[in-house]
Amino acid sequence: MRSPIDLTHRADEVAPLLLGWVLRRGEVALRLTEVEAYLGLDDPASHAYRGPRGRAATMFRAPGCLYVYLSYGVHRMANIVCSPAGSASAVLLRAGEVVAGVEIARHRRGRDEEPANHPVARLASGPGNLGAVLGLDLADDGARLGVEFSLEPGDSPSRTVMVGPRTGISHAVDWPLRFWLADEPSVSPYRRSPRASRPAEDRL
DNA sequence: CCCCTGATTATCT
DNA sequence: GATAATCAGGGGC
């Protein structure tokens with residue numbers, strides 16, 4: 320049994336520690352296999368970079384809050400706010416292995432009342448898919464870990480943690496803030512954004 | 001396998 | 001009006 324994660328450190332410290340832990344909501348549980356750290360006011364790629372305005376206000380709340388936002392008009396993405404309150408660093412949950420509630424997860428990934436027929440490894444691969452499997456809604460923005468959502472220690476075989484650049488963003492594209500477990504089929508493929516800024520623009 | 005494109009809406013300019 | 005921390009599906013190799 321691993322000790323509870325201390326969410327009051329910066330996201331880049333917390334993110335690798337979250338790998339292998341299980342996020343549960345009701346019957347559905349996910350063992351986290353891929354996460355990304357966002358560093359709030361110090362990070363040009365963070366929604367919180369320009370301060371506690373609009374949707375980003377949630378990231379300035381207390382550690383253990385969930386920051387849920389809508390991406391590309393359709394995908395609900397989940398972050399765990401994990402910094403000291405006010406500095407707004409957070410961990411984006413990018414992928415997990417569904418370890419409980421597979422049938423519910425398939426229904427949530429499905430279309431027109433028909434359950435999706437994805438292999439388990441693909442069900443929660445990618446942040447939009449992970450959000451779908453958890454049944455996230457914008458009303459879940461600001462929810463606290465510990466009640467509706469909870470973080471449980473996974474069985475903890477020591478796994479190799481890999482580190483690399485974050486996916487899909489257009490600022491600070493080469494900062495090594497994406498963490499994933501080696502040899503996990505649920506980890507999403509790396510995609511460099513076609514809008515990636517040049518390195519000189521990342522030093523602010 | 002890879003690359004390209006459309007979908008869809010909160011937020012920002 | 002433009003953009004975006006994405007995804008699924010289509011076409012090409």
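Each residue of the first sequence is one higher than the one before, starting from 320 at the first, in my numbering. Heads up, the beta-carbon is just placed ideally off N, CA and C, and yes, glycines get one too. Quick caveat, the model's predicted, so the values are computed rather than measured.
- Around the C-beta of D362, 16 or more other C-beta atoms lie within 10 Å, and the residue is accordingly described as buried.
- Only buried fits T377, as 16 or more other CB atoms lie within 10 angstroms of its CB.
- For G461, the secondary structure class from DSSP, reduced to helix, strand or coil, is coil.
- DSSP places H394 in the strand class (E or B) of the three-state scheme.
- The C-beta separation of V506 from W499 comes to about 5 Å, placing the pair in contact by the 8 Å criterion.
- By the C-beta density criterion, V393 is exposed, having fewer than 16 other C-beta atoms within 10 angstroms.
- The way I'd put it, the region 477-488 doesn't touch the region 456-466; fewer than three beta-carbon pairs between them come closer than 8 Å.
- Per the DSSP secondary-structure output, A424 pairs with nothing in a beta bridge.
- In the three-state scheme derived from DSSP, where H, G and I count as helix and E and B as strand, L453 is classed as coil.
- Residues V354, E355, Y357, M396, N398 and P446 of the same chain have their beta carbon placed closer than 7 Å to that of L411, with the five preceding and five following residues left out of the count.
- In the DSSP annotation of this structure, the continuous segment of the beta strand (DSSP E) that includes E355 starts and ends at V347 to Y357.
- Exclusion of the five residues before and after P495 leaves V482, G483 and P484 as the residues of its chain whose Cβ lies within less than 8 Å of its Cβ.
- Around the Cβ of G473, a 10 Å sphere holds 16 or more other Cβ atoms; the residue is buried.
- Look at R380 here: in three-state DSSP terms it is coil, with no helix or strand label.
- In this structure, V400 keeps its C-beta atom at 8 Å or more from the C-beta atom of R427.
- The continuous beta strand (DSSP E) containing V410 extends over residues A409 to A419.
- When secondary structure is reduced to three states using DSSP, E332 falls in the helix class.
- Measuring C-alpha to C-alpha distances from D456 to each of V387, R344, F468 and P434 identifies V387 as the nearest.
- With a threshold of 16 other beta carbon atoms within 10 Å, P504 falls short and is exposed.
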